[in-house]
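**Student:** One structure, as structure tokens, below. Some questions next.
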Amino acid sequence: MSDVVERTLSALPGLLGPHDPGAGAGAGRVSATSRLGGLIRSITALSSKHEEEKLIQQEQTNLKATVSAPTTTLRLMKECMVRLIYCEMLGYESSFGYIHAIKLAQQGNLLEKRVGYLAVSLFLHENHELLLLLVNTVVKDLQSTNLVEVCMALTVVSQIFPREMIPAVLPLIEDKLQHSKEIIRRKAVQALYKFYLIAPNQVQHIHDKFRKALCDRDVGVMAASLHIYLQMVKENASGYKDLTESFVIILKQVVGGKLPIDFNYHSVPAPWLQIQLLRILGLLGKDDPRTSELMYDVLDESLRRAEINHNITYAILFECVQTIYTICPKSDLLEKAAKCIGKFVLSPKINLKYLGLKALTYVIQQDPNLALQHQMTIIECLDHPDPIIKRETLELLYRITNGQNVTVIVQKMLDYLKQSKEEYTIINLSGKIAELAEKYAPDNEWFIQTMNAVFSVAGDVMHPDIPNNFLRLLAEGFDDEKEDGQLRLHAVQSYLSLLEEEDTFYPQKFLQVMSWVLGEYFYLINDGDPEVIMTRLHRLLKQTFVTSETKAWIMSAITKMASHVPCSKTVDKLFEEFSTSLDTCLRQYAFELKHLCEKKELMKNLLPLDASCDDIVVDASLSFLDGFVAEGLGCGAAPYKPHHQRQEEKLCQEKALNFEPYGLSFASSMSSSGFTGRQSPAGLSLGSDMSGNSAELGQKETSCLKLDGVRKLWGKEGYLPKKENKTGKEDKAQPVPQDSILMGHVVDPLLTQSEQQIVSLSEEEKEKQQLASTLFVGLGSNSTISLLGKADNTTQKFKRKSKIIETQNNEEASSVQNIATLSFSPLPDTTPNSKENFQVNEHLGLREVSLSASEVLEASVSFERSQSLIEAGLEEKLSNCRLSTSSLFADSNIEDFQPSQCVPNTVANKAPLSLGLPEELAEHPHSEIVELCSSDILTMYSCKVWTDDCLLLVLFVANKSTSALKTVNIVFETAEHFKIFENLSCHFPVIEAQSMESCQKCVQLEKICTHGILTGSISYHSDTDTPLEFSLTFSLSDFIRPMKITTEDFGKLWLSFANDVKQNLKMSPSQGSLSIVLNTLKQKLRLHIVEIIGNEGIVACQLLPSIPCLLHCRTHARTLALWFRSSCSALPDSLLYQCQKVMEES
């Protein structure tokens, strides 16, 4: 391998281009080759790593002196860059040469510029601060008439380019899509693909040019455009259904060998192009019979032609199989795909066998019978020497698990888990075992033993949610109180038996689980003595392998038990041993235990039995500390700084370059109000005015901008020439994170097996047959198995009971989940605020939920404190809500809030056949009433009503027949981006003849997107019983509401938000002034214009329920400069796209 590297890098200077004409024929080549080759030969001759480091250090010292010398020529600099590249390839940082690589790309001729660009692309990453110095060079080279320079610039843009500088080069790259040279067009498409990945909304307006690239006469340009379309189809397949026929035609040409022979690989025509097209077709044909029909012929042809025994054809066959099982199926294709899978699974080659198991795992959801056809092969794979084959086989068994084979499959997983040493495998497999144990446990004893095995084997490597949620399951219990007691009793008995053995090592998390369970439910053992349990726990405290954290759990358990024991020798010993401990935490626990034992009545009241689920209402704003905070600030203490500001100050102290733009004109208002730098309003207490006032009093103005000779337009009260007091703070409900719910399984009826066994079978074959009968029970043509990812109608083994939490009078209920302390409380971390909802004949209770996107959750957390500045004095009400049943091993430990069961979630109104909104809804802005679907019997209409706090969807169902319709149901399908309160259906028992009924649904944006589609169907009881399908289109503007704030509040919020996007838009002649543009945006997008000053303006809005976004506008020379800032990273990009659409339409 070293010889190959040596020959490649030695030839690099000669391959990069011709040398100076003044030099000898081989002078330059000899110099570059000899020095780089000599370095490589010296390294390969070394015998130790230490010698290599010493040699590289000496080489870097020489290179640093050479590149820093003022007399170094560009030709010599080029040679040094090649050697620096080699040093970086070996893993030795050569940061001193980064700036010289940029200079070489800026100043050199074609050869030197090429080496400079190569070095920059290898040295720097796209967020590197030095990359900004290359932007002007890239712009200059893109405008060059030399094709080589243009190609080099496009190449470096497609590899690394700062996201903030995309607007500077985007118009130039757009122009290159029309270039006469194919290589320029192809590299331009690759650059736009890079832009789409890092900033998709900045290339939304050139999607039509992508279509032209797809139809380009050059195959390379067309192939490059497929990368963009694959990404866009993944995000929104419905928007590109019209291109299905084009993709099919392209694939037919590729499969038919119509492309140039240069694209062939081992006689296979353009295999990677085929794979890309197959993936796109699979996404387009999913759940769409009409689109799938267009693909059947070309998929059949692809399967037929991919018969060459080569690895690349196997890859094509695998993609064909996945596509066939993804689209709406056709029997002939399914049969051929099953044969391909069979060939893979039965192949003696390990790679093909793995590919077959992978395909079988993917298609098992659609065709469980395939597992039965290859059950003996799967059994053999369980004992395969290759661990990857074993792991993939267990993944397949995990997908087919049901209530009848769970014990056998879980045991196989545990056996593999005990042998595995890889951390990733342990984490993944332990989570799957825990999930199956919760869902399909045959009895309580098996469940406890299985979880004990997981805790023992996986140890401290497993995900922390597994033990935490196991304890939550024990604490919350199920719908059956008797079942609760039995499960807890089994757990206590199991852990006591484990602790009987002395000097046995257990993982720390397992010991923590034992401690909590024994401390919480020790009383369940009728004939047990708490003193014995405390003695065994006390013995653990003396073990050296027990960590300080685990000892805290054990001390907490002993404290709980001591509260119900009159006197205990173990407690006395514990205090004597740990009252002088060097561990501060243990010493604190010992003193607390001593003082509590002196007051037994207080101790019993403080630590009651089985109180882990009792609700604890706390003051989340910590208003009781207001006096202490005010006193500290008055004495000169520094005010609280939020996390993001501390991070920024830390970066500044590290002498990093600061790219923060200069403050806007309202910065002077900030300095006078007591905030320095970029301090966020989040630093103030949420529910306290005292902390905020103290912060202002305790901090004086230290510095400000010198504005001599500049007209003063802004002051403490806002805009001075036209001072207006603007109020109008709106209630905002904090979003509530939601718990994830495990996907269900359906337990299947027992599959009948043949009672007669072949006499000639060997003992080993009989064992495999018996194992197969236990593993694959429940699968078959007569059984209806529902696997992972499908709906599950099976009653889950452990189903938690719901619990009502009531909070009132502006108090927030917060989670106090600290198992290591005296009690365990599985309450959620946040409590939502509710508003007064709309009324339509009845009160409609709606719950507020947050967007599911991670960046929106972060935005909500960062905006909590900011709300105190603009919502001071607001009266908040906490609605009655109930905790939803959540999965044991969900990703999040925050419970979901839902409305009380007594509050209806839909309101059905009988109305005459003439369409019209009720008076209370007609007052709000609303869309036109449009027809969704129709038949000879009924017609369905819809209307959007944009209320202040939600998007209300009003549905009308008109019965056009002369007889009554019974059991009319409207069912919405689950959508990725939207959520409907509270369930996905509306039910009308009867709709009289020639009459109409209506219902309302509140739609919430779950995941930020520019537009999306919500589909559903309406059915009614009839002989045909054929449902009518309908779809509704929503855009981001449906969920945008104005946020009325003052100019001063705008300035404070602006400094607290870190996510921003900038874009320049061209104004048409009709958009003459800034006021016209902002009024158009206000009308179309429902924004609030805070202030307009000359050619600048500030605008505020919020994404329901309470995600703010601020906009600063400035006009200059028919150009509108937009600058968005928000606490949510995804919102500015999406809102920018909406503004672009409005500007183009107007």
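Just so you know, we're using my numbering here: the sequence shown kicks off at 1 and counts up by one. Here a beta-carbon is modelled for each residue, glycine too, at the ideal position from N, C-alpha and C. These figures come from a predicted structure and were not determined experimentally.
Which whole-angstrom value is the C-beta distance of Ala105 and Leu134, which I expect to be below 8 Å?
**Tutor:** Confirmed, Cβ separation roughly 7 Å.
**Student:** When burial is assigned at 16 or more other CB atoms within 10 Å of the CB, is Thr71 buried or exposed?
**Tutor:** When all chains shown are included, Thr71 counts as exposed.
**Student:** Contact check, Gln512 vs Thr550 under 8 Å by CB: the rounded distance?
**Tutor:** Indeed, because the Cβ distance is near 6 Å, the residues count as touching under 8 Å.
**Student:** Can you list, in chain order, the residues of its chain whose CB lies under 6 Å from that of Ile292, leaving out five sequence neighbours each side?
**Tutor:** Going by the sequence as given, residue 292 is Ser instead of Ile. Counting only Cβ-Cβ distances below 6 Å, and skipping sequence neighbours, we find Gly285, Ile327 and Cys328.
**Student:** Quick one: what's Trp1123 bridged to in DSSP?
**Tutor:** DSSP output for Trp1123 lists Lys1062 and His1112 as bridge partner(s).
**Student:** Would you call the stretch 437-454 and the stretch 397-415 touching, i.e. three or more CB-CB distances under 8 Å?
**Tutor:** They touch, by the three-pair rule.
**Student:** To the nearest angstrom, how far is it from the Cα of Glu126 to the Cα of Met603?
**Tutor:** Near 59 Å, if we compare the C-alpha coordinates of Met603 and Glu126.
**Student:** Compute the Euclidean distance between the alpha carbons of Ile388 and Leu1131, then round it to the nearest angstrom.
**Tutor:** Those two C-alpha atoms are separated by around 42 Å.
**Student:** Do you know whose CA, among Glu245, Arg279 and Lys358, lies nearest Arg290's CA?
**Tutor:** It is Glu245.
**Student:** Return the Cβ separation of Cys1009 and Cys999 in integer angstroms, given the expectation that the two are a contact with Cβ distance under 8 Å.
**Tutor:** The pair is not a contact, with the Cβ atoms about 25 Å apart (cut-off 8 Å).
**Student:** Does the stretch 568-582 come close enough to the stretch 614-630 to have 3 or more Cβ pairs within less than 8 Å?
**Tutor:** Output reads no: the stretch 614-630 does not touch the stretch 568-582.
**Student:** Could you pull out every residue in the same chain whose Cβ sits closer than 7 Å to the Cβ of Leu283, ignoring the five residues on either side in sequence?
**Tutor:** Answer for Leu283: Val233, Lys234 and Ala237, listed in chain order.
**Student:** Suppose contacts are defined by Cβ-Cβ distances below 8 Å. Is Ser1146 in contact with Gln1063 by that definition?
**Tutor:** Result no, Cβ atoms of Ser1146 and Gln1063 do not sit closer than 8 Å.
**Student:** According to DSSP, is Met996 part of a helix, a strand, or is it coil?
**Tutor:** Residue state, collapsed to three classes: strand.
**Student:** Is it the case that the CB of Arg279 approaches a heavy atom of the ligand SAH more closely than 7 Å?
**Tutor:** As for the ligand SAH, it is missing from this structure, which has no ligand bound.
**Student:** Can you pull the DSSP bridge partners for Asn969?
**Tutor:** Paired residue(s): His987 and Ser1019.
**Student:** To the nearest angstrom, report how far apart His1147 and Leu1122 are at their CA atoms.
**Tutor:** Examination of residue 1147 is not possible in this model, given that the chain is present from 1 through 1146 alone.
**Student:** Give the single residue among Ala491, Phe1057 and Pro269 whose Cα lies nearest to the Cα of Gln645.
**Tutor:** The shortest Cα separation from Gln645 among Ala491, Phe1057 and Pro269 belongs to Phe1057.
**Student:** What distance in whole Å lies between the Cβ atoms of Gly1016 and Ile970, which are believed to be in contact at a cut-off of 8 Å?
**Tutor:** Confirmed, about 6 Å.
**Student:** Starting from Cys1101, trace the beta strand (DSSP E) in both directions and tell me its first and last residue.
**Tutor:** Per DSSP, Cys1101 belongs to the beta strand (DSSP E) from Glu1096 to Leu1103.
**Student:** Which same chain residues, not among the five before or five after Gln202, have their C-beta less than 6 Å away from its C-beta?
**Tutor:** Counting only Cβ-Cβ distances below 6 Å, and skipping sequence neighbours, we find Ile166.
**Student:** Does the beta-carbon distance from Cys87 to Ser94 come in below 8 Å?
**Tutor:** Yes, they are a contact pair.
**Student:** If I measure Cβ to Cβ from Val461 and keep anything under 7 Å in the same chain, skipping five residues before and after, which residues do I get?
**Tutor:** Result list for Val461: Glu423, Ile426 and Ile427, in chain order.
**Student:** Below 8 Å between beta carbons: does that hold for Ala224 and Gln190?
**Tutor:** Against a cut-off of 8 Å, the Cβ pair of Gln190 and Ala224 comes out as a contact.
**Student:** Can you have a look at Glu335 and say buried or exposed, based on whether 16 or more other CB atoms are within 10 angstroms of its CB?
**Tutor:** That one is exposed.
**Student:** Could you round the C-beta distance between Val954 and Leu921 to whole angstroms and report it? I think they count as a contact, below 8 Å.
**Tutor:** Right, the Cβ-Cβ distance comes to about 7 Å (below 8 Å), so this counts as a contact.
**Student:** Could you tell me whether the stretch 1095-1113 touches the stretch 988-1008, using the rule of 3 or more Cβ pairs below 8 Å?
**Tutor:** The stretch 1095-1113 is in contact with the stretch 988-1008.
**Student:** Decide if the stretch 530-547 is in contact with the stretch 478-487; the criterion is three or more beta carbon pairs, one per stretch, under 8 Å apart.
**Tutor:** No, because fewer than three Cβ pairs between the stretch 530-547 and the stretch 478-487 fall closer than 8 Å, the two stretches do not touch.
**Student:** Assuming Leu251 and Val298 are in contact, meaning their beta carbons sit under 8 Å apart, how far apart are those beta carbons, in whole angstroms?
**Tutor:** 5 Å between Cβ atoms; contact.
**Student:** Can you tell me the Cβ-Cβ gap for Ile1013 and Ser1031, rounded? I've got them flagged as a contact below 8 Å.
**Tutor:** That pair is a contact at about 5 Å.
**Student:** Under a Cβ-count criterion, where at least 16 other Cβ atoms within 10 Å of its own Cβ denotes burial, should Tyr265 be classed as buried or exposed?
**Tutor:** By the neighbour-count rule (16 or more Cβ atoms within 10 Å), Tyr265 is not buried but exposed.
**Student:** Are three or more beta carbon pairs between the stretch 939-950 and the stretch 987-995 nearer than 8 Å?
**Tutor:** Short answer: they don't touch.
**Student:** Tell me the start and end of each unbroken beta strand (DSSP E) in the stretch 452-522 that is at least 3 residues and wholly inside, in chain order.
**Tutor:** Correct list: empty.
**Student:** For the beta strand (DSSP E) that contains Asn959, what are its first and last residues?
**Tutor:** Looking at the DSSP string, the run of the beta strand (DSSP E) that includes Asn959 is Leu951 to Asn959.
**Student:** Please report how far the alpha carbon of Ser584 lies from the alpha carbon of Asn468, in whole angstroms.
**Tutor:** Note on identity: in this sequence residue 584 is Thr, with Ser being the wrong assignment. Taking the straight line joining both Cα atoms gives about 25 Å.
**Student:** Report the three-state DSSP secondary structure of Gly97 (helix, strand or coil).
**Tutor:** Of the three classes helix, strand and coil, the one that applies to Gly97 here is helix, per DSSP.
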